[in-house]
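J.: Just so you know, the sequences run in chain order A and B. This note's numbering puts the first sequence at residues 1 to 185. This note's numbering puts the second sequence at residues 1001 to 1265. Ideal Cβ placement from N, Cα and C applies to all residues, glycine included. The structure that follows is given in the form of structure tokens.
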Amino acid sequence: MSEKRGAYAGKVKRAAQMLLFQRHRRPGVKGWELKRSLGRDFMKVVDLLNTRLGDLGLRVSVVYEGREPEGRPSEEELERAVFYVVLKDASSVESLSGWRVDEVAGLAAVVAFIASRQGKAARRDVEGLLRVKFPEWRVDLALDKYVRRGYLDEGEGGVLYVGWRSRAEIDQKLLLDLLLGEPLK
Amino acid sequence: MPAKKAMGREYLLRVISLCLSVSRRGVDPFEVEVKRILDAIGKYLPEWELPEDFSLDAETLNWLSSVVELQAAWVKHMSSSLYVDPLLIELKLKALDAESLSEVFARSWRPIVELEQLVPRRVKEAVDYWNLLPPLEGRWPEFEAGGRLGPGSATEEELRRRGMILDRSFEEALEEAWRELVKKAMEGRVPFWDFVYADSYGETVRRAYLASFLVTYGYAGLESDPLEGEYYLKPFKERGKVALSGQAVSVPISIDRDVWVRRKG
């Protein structure tokens, strides 16, 4: 019994190292990589790790390919998903070091705008939204920064999509709900 | 009925354009009235005779089917918990100030934890690389002297010998080169390399340098023979007297040491 517990402790340690230390150009580990390293019961290991991370204010976030599955995800969906370690609660804007408050506001507006349109919108429409608050010269700079950081993806024909980092870091449903509930000053 | 045909083609193109904008801009796909459009397309169908018309008809149907697909996804999205009215969100975004937006963002934001670490294996690779890397002196021997010499002094004679001070003005050197060119060309033209070639490579470079100024300052013209791949210098009788017939262009000519060696050989 203790042998089994020891094996799991080793796997949890390995999972933590895989998820916390960046191995590729982008952060995150694919489900199939975890499975290859931790075995078929890798989700059990991830759950155990999640419990340990919880004490530190962290948690494992799973971003599925395409739409989030309804109900229990299949093994295939888990293998194709990307796993990240994220903060449980960012709680303050100060955590966004190196970002100006208006850049954060712009990012919130752009992600909410695109998310409310099923995850895609024409760049010129997004530019129009930012122009309401940003001077002309800052609009392009801000959008390029969001694309560069992975918060937005830019496709053919000037279409912007919610990027991989937004999908990993931003609770889009919560963002939209909070926006609607936010009182106007 | 050519007028009806033309109208039909125009209608199909407008439908394609509408479908394209719906699919690209992420607007409500129900703005496309599929049923009505299908009826209209059906009315134009008997008019088509040319393959291009049938092709346009098929393309329109293809675009319409993609809109129907978008409508299905839209219905699914609207029934999901993520759905909120985009217009309502847009109005709210425009009304809120930057601070409120940032606060809202922070409450829905869970940043990724990213760490970087140097593992022992990578450190060993780095140490091996460092040990195998030859010293800079070995890799860049030509910079060795420059890197070690401190400031010194040189006599005027030394500077003249090294070509850093000229015996005469540049203008005089140019005039002399022009006179030499006029003499060599004998009212014709001289191959560029015949003019610039000298016994030493350094002197050849100097003459090419002067030749470039002869052309730039209007002492001579540069003609090219694309078939032979040869350039010719043609001196003017008086400086700048011949007007340029076209727009001035820069012509890079490489004074390659290998070419000079081949000529010498």
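Could you please tell me which residues of the region 143 to 167 of chain A, in chain order, have their CB closer than 8 Å to any CB of chain B?
T.: Hits within the stretch, in order: Gly157, Gly158, Val159, Arg165.
J.: Roughly how many whole angstroms lie between the Cα atoms of arginine 165 (chain A) and tyrosine 151 (chain A)?
T.: What you label residue 165 (chain A) is simply residue 165 of the first sequence in a count that begins at 1. What you label residue 151 (chain A) is simply residue 151 of the first sequence in a count that begins at 1. Those two C-alpha atoms are separated by around 5 Å.
J.: Return yes when the Cβ of valine 1084 (chain B) is within less than 7 Å of the Cβ of proline 1029 (chain B), no when it is not.
T.: Taking the first residue of the second sequence as position 1, residue 1029 (chain B) is located at position 29. Taking the first residue of the second sequence as position 1, residue 1084 (chain B) is located at position 84. No.
J.: Within 10 Å of its beta-carbon, does phenylalanine 1054 (chain B) have 16 or more other beta-carbons around it, so buried, or fewer, so exposed?
T.: Taking the second sequence and counting its residues from 1, the one referred to as residue 1054 (chain B) is at position 54. Exposed: under 16 other Cβ atoms inside 10 Å.
J.: Between which two residues does the alpha helix (DSSP H) containing glutamate 1223 (chain B) stretch?
T.: Translated into positions along the second sequence, residue 1223 (chain B) becomes position 223. Not the alpha helix (DSSP H): glutamate 1223 (chain B) falls in the beta strand (DSSP E), residues 1220 to 1225.
J.: What is the DSSP secondary structure of lysine 1234 (chain B), counted as helix, strand or coil?
T.: Residue 1234 (chain B) sits at position 234 when you count from the first residue of the second sequence. Here lysine 1234 (chain B) sits in strand by DSSP.
J.: For glycine 1221 (chain B) and lysine 1234 (chain B), which I take to be in contact (beta-carbon distance under 8 Å), what is that distance rounded to the nearest angstrom?
T.: Mapped onto the second sequence, residue 1221 (chain B) falls at position 221. Mapped onto the second sequence, residue 1234 (chain B) falls at position 234. The pair is a contact, with the Cβ atoms about 5 Å apart (cut-off 8 Å).
J.: Taking only runs of the beta strand (DSSP E) that begin and end inside the region 95 to 144 of chain A, which ones reach a length of at least 3 residues, in chain order?
T.: Runs of the beta strand (DSSP E) inside the region 95 to 144 of chain A: 120 to 122.
J.: Given that alanine 108 (chain A) touches chain B, what residues does it touch there, using C-beta distances under 7 Å?
T.: One-based indexing of the first sequence puts residue 108 (chain A) at position 108. The answer, in chain order, is Leu1101, Ser1102, Val1104, Phe1105.
J.: Helix, strand or coil for proline 183 (chain A)? Go by DSSP, reduced to three states.
T.: Sequence index remark: in the first sequence, residue 183 (chain A) carries index 183 (1-based). Coil at proline 183 (chain A), not helix or strand.
J.: Given 8 Å as the limit, is there contact between the region 49 to 60 of chain A and the region 15 to 23 of chain A, that is, 3 or more CB pairs closer than that?
T.: Taking 8 Å as the limit for Cβ pairs, the verdict is that the region 15 to 23 of chain A does touch the region 49 to 60 of chain A.
J.: Would glutamine 1117 (chain B) count as contacting chain A if we go by Cβ distances under 7 Å?
T.: Locating residue 1117 (chain B) in the second sequence gives position 117, where the first residue counts as 1. So, interface residue.
J.: Are the beta-carbon atoms belonging to arginine 1024 (chain B) and valine 159 (chain A) less than 7 Å from one another?
T.: The sequence position of residue 1024 (chain B) within the second sequence is 24, counting from 1. The sequence position of residue 159 (chain A) within the first sequence is 159, counting from 1. Contact flag set, yes.
J.: Is isoleucine 943 (chain B) helix, strand or coil by DSSP?
T.: Because residue 943 (chain B) is not part of the residues shown, which for chain B are 1001 to 1265, the question remains open.
J.: Residues of chain B with a CB under 7 Å from the CB of tyrosine 64 (chain A): which are they?
T.: Taking the first sequence and counting its residues from 1, the one referred to as residue 64 (chain A) is at position 64. Near tyrosine 64 (chain A) there are no residues of chain B at all, since even the closest Cβ is about 14 Å away, more than 7 Å.
J.: What's the gap between the Cα of alanine 1003 (chain B) and the Cα of isoleucine 1041 (chain B)?
T.: Residue mapping note: residue 1003 (chain B) aligns to position 3 of the second sequence, counting from 1. Residue mapping note: residue 1041 (chain B) aligns to position 41 of the second sequence, counting from 1. Cα to Cα, alanine 1003 (chain B) sits roughly 16 Å from isoleucine 1041 (chain B).
J.: Comparing the C-beta of tryptophan 1260 (chain B) with each C-beta of chain A, is any distance below 7 Å?
T.: Taking the second sequence and counting its residues from 1, the one referred to as residue 1260 (chain B) is at position 260. False, the Cβ-Cβ gap to chain A never drops below 7 Å.
J.: Taking Cβ-Cβ distances shorter than 7 Å, what residues in chain A pair up with lysine 1094 (chain B)?
T.: As a working mapping, residue 1094 (chain B) is identified with position 94 in the second sequence. By Cβ distance, chain A contributes Val132.
J.: Give me the DSSP bridge partner(s) of aspartate 153 (chain A).
T.: Reading the first sequence from its first residue, position 153 is the one you call residue 153 (chain A). Paired residue(s): A:Tyr161.
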